[in-house]
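At the far end of the sequence shown sits residue 595, using the numbering used here, and the numbering has no gaps.
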Amino acid sequence: MMASRAKATGAGLAVLVILGGLALLADGLRVNRYEGDVIHLVELALRMERGERPHADFMTPIGPLAIWPIALAMSVGLGIGKAFVIAQIALALLCVPLAAGIGARRFGGLGAAAFAALPAVLILSLVHGGTDPGLSISMHYNRWAWALGFIALGTALVPPIRRNALGDGAGIGLPLAALALIKVTYVVGLLPAVLVLLALRRDFGVMAIAAGLAIACLGVFTLGVGAGFWPGYFGDLLDTARSQTRAYPGLSLAQVLTGPAYLVGHVAMLAAVICLRRGGRAVEGLGLLLMLGGLVYITFQNFGNDPLWFAPVGLLLLGLLPAGGGAAKGGDAARTGVLVAALVLAGLGAPYLVNLALSPVRHLAEDRADYVPLLPRGGRHGDLLMETERASRVNLLHAGEQGIAQLAALRARADRSPPPSIGGTALPSCSLEGGLAGWFDMVARDLDTAALPDGSRVVVADLLESLWMFSERIAPLPGGAPWRYGGLPGVQNATHFLVPLCPIDPGSRDEIVRLMAEEGHGLVPVRQTELYTLYEIVPPNMPGIAARSR
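The structure is reproduced here in C-alpha cells:
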C-alpha cells in the first residue's frame, strides 16, 4: 500500500514538475484565445488584490477561491502572469498527495499513478479545456473544478481495496468545500451521486467525516470573511441564473444530451450502468447513472460544453470491473462490457486530455516577439501577454443592410431589433468582434488625454466594464460587474456613462441604455469620438438628456 501510494505521488509530482516548470520557464504568460474572458479574469484578480471583496464590492457568480490564489500571489509582488502559474502549481501541490492516497487504495500501480496525475494535468493546463490548441487562461476555474470533482467522484464511486475512513472523508469533503467556493455548479451536479453512493454502501462514517471537514472548512472561511458573504454570493448566483444575457453559455441541454460530440459517450455510460448491475455492482451502477446526469448538467453549464469528464470516468470504470468467470451474474460478459465502455470513454476523451497536457509545451514554443502586454501600462503585470495581431486587429461587424443603400431592400426581412437612441440619435447596428485589448487601450488613452477627472468612475454600456485597467485616471466602479449579467450594477456610484458605438455585445449595450432611460438618469454629453460617446451622469431633475429606447 505504501509503495503504491509513493509511486502514485511520484507520478503526480512528475507531471506537476514538468508542466508547471514549462510554464515557469517562459518569458511571460502568453495567450491567444478568448481575450474577453482573459480581461474579465484580470479584472477580478486586480480588484481582489486591491482588497475588494467579491459579492460585496463587485458582482460575480464566480466563487472567491477561483481568484484568491492568484490575487494572493500578486500581493507579494508578482505580476499577474507569474501569479497565475504559481496559483496553479500551488493547487496541484495540494491535490496530488490527496489523489495519490485515494488512488492507491483503489487501483493497482498504473491506475493509482493515473489517478494522481490526472488532476495535475487538468489544473496545470494553459488552454480553456476544449480541443482548440489556442493558449488561454480563460475559465481556468472550470479545469480546477473538474480536477477537484474527479477526486471526490473517484472516492465515492470506486470501492476501496483497503478502507481508510478519514482519508476517504477528506477525499470527498475537502474537494466539495473547495468547489462550493469556486463554482457551485459542480456541487449541484456531483453531490447527489456522492450522497447516494455513500448511503447505499452504509459508509456513514465516511459521510460524517466528509460533511464535518466540509463544514469546518466553510466555517473557518466564514469566520474570515463574515457571514454577510453568503447572502451576497447566493444573490449573485441568482442574478446570473435569471439573466437574459446568459440563459446558458453554449449549446442547449438537448444538444448536449444528443449532440454528435456527446452521444457516444453517454451511450457508453448507460451501457456501463447496465453491465455493472448485471455483474453484481448495482450500487455502483445506480451511482454512475446519477453521476451521468450531473456530468451532463455541468457540461451544459460550462462555456464550450467540453466533456472533460470522458477520460477520467473511463479510468474510474477500470476500478469497477465486475468479477469474471461466472463469479457474479453476467460474469465475463458484464466485465467485458464495462471494459469496452471504459475504453470508449478514454478514446473519446483522449483529444481533450492530450490538448491539456501539451499546452505548456506549445506555450513555451511560442515566439515572445509575437506578443505584447495585455495591459500596456500595467507595470509588473506586463508579464501577461496577448498575441500582437489579436490585440491589434480591431474587427468591427456592421449590419450591412442598415447602412448600404444597395442592400436596403433586405432590411425588412433581416428583422433586426431597432437600436435605442440617445438625445434623438440612434445608435449604430454594429459590434466589436476582435481586438478588445487594443480597443480598451485606445479608448482609455483618449479619455486620459481628454482630461477626464482623476478617480472618475465609468459605467460602460457593454458586457465588460474593464476600461479602468487600461487608464491612469479612471477608478474601478464600486458595486460594478466585471462581466455584466443584467441590470445596472454600480450605477449609483458612477460619475460617467460611456456608450460604445460598436460594443462587444450589442444586446447588453441596448439594454443598459434602455435601463438608464427607465431609471431617469440625466446625461450630459462630454465627449464624442468615432468609437464612443461619453456622458456625465447628473442627478435626477437636473438639466440633461435622457436615453431613449424605440
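We put the CB at the ideal spot given by N, CA and C, even for glycine.
Please state whether the Cβ-Cβ distance between residue 479 and residue 438 is less than 8 Å.
The residue you call residue 479 lines up with position 434 of the sequence shown. The residue you call residue 438 lines up with position 393 of the sequence shown. Going by C-beta atoms, residue 479 is nearer than 8 Å to residue 438.
Are the CB atoms of residue 364 and residue 151 within a distance shorter than 8 Å?
Position 106 of the sequence shown, counting from 1, holds the residue named residue 151. Position 319 of the sequence shown, counting from 1, holds the residue named residue 364. A contact, by the Cβ cut-off of 8 Å.
Could you check the C-alpha separation between residue 415 and residue 432 for me, to the nearest Å?
Taking the sequence shown and counting its residues from 1, one reaches residue 415 at position 370. Taking the sequence shown and counting its residues from 1, one reaches residue 432 at position 387. Rounded to whole angstroms, residue 415 to residue 432 spans 6 Å at the Cα level.
Complete runs of the alpha helix (DSSP H) confined to the stretch 368-414 [at least 4 residues]
376-410
Within the chosen definition, does the stretch 208-220 reach the stretch 89-109 through at least 3 CB pairs nearer than 8 Å?
no
Across the stretch 353-362 and the stretch 385-392, are there enough close Cβ pairs to call them in contact, namely three or more that are closer than 8 Å?
yes
Short Cβ contact (8 Å threshold) for residue 347 with residue 179
Position 302 of the sequence shown, counted from the first residue, corresponds to residue 347. Position 134 of the sequence shown, counted from the first residue, corresponds to residue 179. Cβ distance not < 8 Å, so residue 347 and residue 179 don't count as in contact.
Residue 432 - partner residues in DSSP beta bridges:
The residue labelled residue 432 in the question sits at position 387 within the sequence shown. Per DSSP, 416.
For the beta strand (DSSP E) containing residue 573, list its first residue and its last residue.
Residue 573 sits at position 528 when you count from the first residue of the sequence shown. Annotation: the continuous beta strand (DSSP E) that includes residue 573 extends over 567-573.
Using C-beta distances below 7 Å, list every residue in its chain close to residue 11, excluding the 5 sequence neighbours before and after it, in chain order.
Nothing in the structure corresponds to residue 11, since the chain is present only between 46 and 595.
Between the alpha carbons of residue 428 and residue 334, how many angstroms are there, rounded?
Within the sequence shown, numbered from 1, the residue matching residue 428 stands at position 383. Within the sequence shown, numbered from 1, the residue matching residue 334 stands at position 289. Approximately 45 Å, taken between the alpha carbons.
Across the stretch 395-409 and the stretch 234-241, are there enough close Cβ pairs to call them in contact, namely three or more that are closer than 8 Å?
Cβ pair count under 8 Å is below three, so no.
Should the stretch 311-328 be regarded as contacting the stretch 152-162, the criterion being three or more beta carbon pairs within less than 8 Å?
Of all C-beta pairs linking the stretch 311-328 to the stretch 152-162, fewer than three are shorter than 8 Å, placing the two stretches out of contact.
For residue 479, which residues does DSSP report across the bridge?
Locating residue 479 in the sequence shown gives position 434, where the first residue counts as 1. 440.
Please go through the same chain and pick out, in chain order, the residues whose beta-carbon is closer than 6 Å to the beta-carbon of residue 360, but skip the five residues on each side of it.
Within the sequence shown, numbered from 1, the residue matching residue 360 stands at position 315. Within the same chain, residue 360 has close Cβ partners 159.
Less than 8 Å separating the beta-carbons of residue 60 and residue 144?
The residue you call residue 60 lines up with position 15 of the sequence shown. The residue you call residue 144 lines up with position 99 of the sequence shown. Cβ atoms of residue 60 and residue 144: not closer than 8 Å.
Across which residues does DSSP place residue 502 in a beta bridge pair?
The residue labelled residue 502 in the question sits at position 457 within the sequence shown. In the DSSP output, where bridge partners are listed per residue, residue 502 has 520.
With DSSP as the reference, please indicate the residues paired to residue 582 in a beta bridge.
The residue labelled residue 582 in the question sits at position 537 within the sequence shown. Partner(s): 568.
For the alpha helix (DSSP H) that residue 328 lies in, which residues bound it at each end?
For this step, residue 328 is matched to residue 283 along the sequence shown. Membership of residue 328 in the alpha helix (DSSP H) is indicated by the continuous run 327-346.
Below 8 Å between beta carbons: does that hold for residue 582 and residue 567?
For the purposes of this step, residue 582 is identified with residue 537 of the sequence shown, where counting begins at 1. For the purposes of this step, residue 567 is identified with residue 522 of the sequence shown, where counting begins at 1. Yes; because the gap between Cβ atoms is below 8 Å, this pair is in contact.
Spatial neighbours of residue 487 in its chain, beta-carbon cut-off 6 Å, leaving aside the 5 residues before and after:
Within the sequence shown, the letter at position 442 stands for residue 487. The answer is none, since no qualifying residue turns up.
Rounded straight-line distance, which links the Cα of residue 547 to that of residue 459:
Here residue 459 corresponds to residue number 414 of the sequence shown, with the count starting at 1. Here residue 547 corresponds to residue number 502 of the sequence shown, with the count starting at 1. Residue 459 and residue 547: Cα-Cα distance of roughly 19 Å.
Boundaries (first-last residue) of the alpha helix (DSSP H) holding residue 559:
Counting from one through the sequence shown, the residue named residue 559 turns up at place 514. Looking at the DSSP string, the run of the alpha helix (DSSP H) that includes residue 559 is 551-563.
Going by CA-CA distance only, name the one from 419, 232, 230 and 193 that's closest to residue 73.
Taking the first residue of the sequence shown as position 1, residue 73 is located at position 28. With respect to the C-alpha of residue 73, the residue from 419, 232, 230 and 193 having the closest C-alpha is 419.
Quick check: the stretch 465-472 against the stretch 488-502, are there 3 or more CB pairs under 8 Å?
no
Tell me residue 543's beta-bridge partners as DSSP assigns them.
Taking the first residue of the sequence shown as position 1, residue 543 is located at position 498. The partner list for residue 543 (beta bridge, DSSP) reads 505 and 579.
Does DSSP put residue 467 in a helix, a strand or coil?
The residue labelled residue 467 in the question sits at position 422 within the sequence shown. Strand at residue 467.
Closer than 7 Å by C-beta to residue 539: which residues in its own chain qualify, once you throw out the five before and the five after it? Chain order, please.
One-based indexing of the sequence shown puts residue 539 at position 494. So the list reads 502, 503, 504, 522 and 582, once near-sequence residues are dropped.
I think residue 285 touches residue 106, with their Cβ atoms under 8 Å apart; what is that distance to the nearest whole Å?
Start at 1 with the first residue of the sequence shown, and residue 285 comes out as number 240. Start at 1 with the first residue of the sequence shown, and residue 106 comes out as number 61. With 8 Å as the limit, residue 285 and residue 106 qualify as a contact, their Cβ atoms being about 4 Å apart.
When you compare the stretch 556-564 with the stretch 131-142, are there three or more beta-carbon pairs, one atom per stretch, that lie closer than 8 Å?
no
Out of 233, 367, 263 and 171, which has the shortest C-alpha to C-alpha gap to residue 410?
Here residue 410 is taken as the residue at index 365 of the sequence shown, counted from 1. The candidate whose alpha carbon is nearest that of residue 410 is 171.
For residue 264 and residue 99, I'd like the C-alpha separation in whole angstroms.
For this step, residue 264 is matched to residue 219 along the sequence shown. For this step, residue 99 is matched to residue 54 along the sequence shown. Cα to Cα, the separation comes out at about 18 Å.
Measure the C-alpha to C-alpha separation of residue 56 and residue 63 and round it to an integer number of angstroms.
On the sequence shown, position 11 is the one that residue 56 refers to. On the sequence shown, position 18 is the one that residue 63 refers to. Spanning the two alpha carbons is a distance of roughly 11 Å.
Roughly how many whole angstroms lie between the Cα atoms of residue 228 and residue 50?
Position 183 of the sequence shown, counted from the first residue, corresponds to residue 228. Position 5 of the sequence shown, counted from the first residue, corresponds to residue 50. Residue 228 and residue 50: Cα-Cα distance of roughly 30 Å.
If I follow the unbroken beta strand (DSSP E) through residue 75, where does it start and stop?
Translated into the one-based positions of the sequence shown, residue 75 becomes position 30. It spans 74-76 - the beta strand (DSSP E) in which residue 75 sits, taken as one unbroken run.
Just the C-alpha distance for residue 552 and residue 576, rounded to the nearest angstrom, thanks.
Position 507 of the sequence shown, counting from 1, holds the residue named residue 552. Position 531 of the sequence shown, counting from 1, holds the residue named residue 576. Taking the straight line joining both Cα atoms gives about 17 Å.
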